[in-house]
Every structure is written in structure tokens, then in C-alpha cells.
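K.L.:
This is the structure I have questions about; it appears just below.
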Ligand SMILES: [Zn+2]
């Protein structure tokens, strides 16, 4: 397994519709395992393939939040076959929108059909945080972020802050690099 880089918004790669998986083969299983490891490290409770730059319909979810008692779900081509009329408001966050949260309303209970890591068709019924999380990750496969469910004013505010943060990090990175270059040149002129 390997840790992959998580893409943060705004980024055009997070706005694309992902392609279905033909078959869950060794490459997809590798992707699923890498995504799970990346998610646990972050730490997070869900991750979708486009968040690591892969435009395929693959998601991983684990809401157990207990390292000794993990309960991961790895899904390819997830589709909702039933949703409840009952709705649930939940304060959502996202590894691609770090440190920002907003309340989103979604169906409280769902049934999802998907391909598991053995390429078998499975169905899972979920409610509570698991249902929220699966729907959130499935949105990513359509290029939809949780901020797309809230008002434009709030969305623009969050995306503006993230853009600013990205620029700041890029600047710091560039400064860090030039600093280490200066150190190297100082050392070489000293000798
Ligand atoms: Zn997300």
C-alpha cells in the first residue's frame, strides 16, 4: 500500500465526472487499498478516487473511528438503489476542503449497490454518519463538493479562503527552497 497526495479545492480535477470501473482487477484493488491507507493517515472517514487524482468511480469509507476495530467499505461503481424520504442535517467536512465545515441535508437512510474488492455485486443499507459519508463520497464521482450544496455566498467565502491558503503555501514552499539554495551556495562559497 502507498500513501497518495490528496488534492485540495479549488482544483479542476475535483470537478470532473468519473468513469465507471469495467472490472475490479488488481489495479483497482491497489487503488482501493492506497485510498484507505491515505484516508486513515489524513485522518478521515471517507475518500473518493478523484481526491487522489484518479477519475474512476471508486470510494472508500470507514466511520468506525476506532483503530483496533476498523470497518472499511471499498466500493467501485456505487449507485443508490433506494433513499428514504426522511432527511438528515449533518455538519460535513472534506479532506479536499481542509478546516471548513457546513451543514448539508441529505436522505437519512440509503441502500447502495456496488462492486466489492472481489468484483462481486453487493448491497449495503446505511443510516447516520455512514449514509452521509457514502453520499458525500458519491458526490465526488460527479464532480460535486459539499460546498455545492450550500449557499453561493458561503461557498465563495470558503473557496476564497482556500485559494488564499494555497497561494500562501506555494509562496512558503518557494521561499523554503530558495533558502536552502542560499544555504548550499553559502556553504560552497565558504569552502
Ligand atoms: Zn470530500
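Residue numbers (our numbering): 15 to 205. Where is the CB? At the ideal position from N, CA and C, for every residue including glycine.
Is any heavy atom of ligand 1 found at a distance shorter than 7 Å from the C-beta of residue 163?
P.N.:
Not so, every heavy atom of ligand 1 lies at least 7 Å from the Cβ.
K.L.:
Based on the DSSP secondary-structure assignment, which residues constitute the bridge partners of residue 104?
P.N.:
Beta-bridge pairing links residue 104 to 118.
K.L.:
Taking its Cβ as the centre, do 16 or more other Cβ atoms sit within 10 Å of residue 71, making it buried, or is it exposed?
P.N.:
Buried.
K.L.:
Regarding residue 150 and ligand 1, is the C-beta to nearest heavy atom distance less than 7 Å?
P.N.:
The answer is yes for residue 150.
K.L.:
Does the distance between the C-beta of residue 114 and the nearest non-hydrogen atom of ligand 1 fall short of 7 Å?
P.N.:
For ligand 1, not one heavy atom lies less than 7 Å from the Cβ of residue 114.
K.L.:
Beta carbon of residue 146, beta carbon of residue 125: below 8 Å?
P.N.:
Cβ atoms of residue 146 and residue 125: not closer than 8 Å.
K.L.:
When DSSP labels each residue in this structure, what does residue 43 get in the three-state scheme?
P.N.:
Here residue 43 sits in helix by DSSP.
K.L.:
Between residue 65 and residue 110, how many whole angstroms is the CB-CB distance? I'm expecting something under 8 Å.
P.N.:
Indeed, because the Cβ distance is near 5 Å, the residues count as touching under 8 Å.
K.L.:
If you draw a straight line from the C-alpha of residue 23 to the C-alpha of residue 153, how long is it?
P.N.:
Taking the straight line joining both Cα atoms gives about 14 Å.
K.L.:
Excluding the five sequence neighbours on either side, which residues of its own chain have a C-beta within less than 7 Å of the C-beta of residue 52, listed in chain order?
P.N.:
Excluding positions up to five away in sequence, the list reads 17, 18, 20, 61 and 66.
K.L.:
With a CB to CB cut of under 8 Å and the five nearest residues on each side skipped, what residues in its chain are close to residue 48?
P.N.:
Excluding positions up to five away in sequence, the list reads 15, 16, 17, 18 and 66.
K.L.:
Along the alpha helix (DSSP H) that carries residue 129, what are the first and last residues, could you check?
P.N.:
First-last for residue 129: 123-129, but that is the beta strand (DSSP E), not the alpha helix (DSSP H).
K.L.:
Report yes if the CB atom of residue 148 is closer than 8 Å to the CB atom of residue 90, and no otherwise.
P.N.:
No. Outside cutoff.
K.L.:
Given 7 Å as the limit, tell me if residue 154 has its C-beta closer than that to any heavy atom belonging to ligand 1.
P.N.:
Yes.
K.L.:
Can you tell me whether residue 109 sits near ligand 1, meaning its C-beta is under 7 Å from at least one heavy atom of the ligand?
P.N.:
The answer is yes for residue 109.
K.L.:
Curious, which full-length alpha helix (DSSP H) runs of at least 4 residues does the region 119-190 contain?
P.N.:
Taking only runs of at least 4 residues, the alpha helix (DSSP H) segments lying wholly in the region 119-190 are 142-154.
K.L.:
So what does residue 60 bridge to, in DSSP terms?
P.N.:
BP columns for residue 60 point to 75.
K.L.:
Please confirm if the region 165-177 is in contact with the region 137-144, defined as three or more CB-CB distances below 8 Å between the two stretches.
P.N.:
Contact between the region 165-177 and the region 137-144 is absent, because fewer than three Cβ pairs lie under 8 Å.
K.L.:
What's the C-alpha gap between residue 113 and residue 179?
P.N.:
Spanning the two alpha carbons is a distance of roughly 11 Å.
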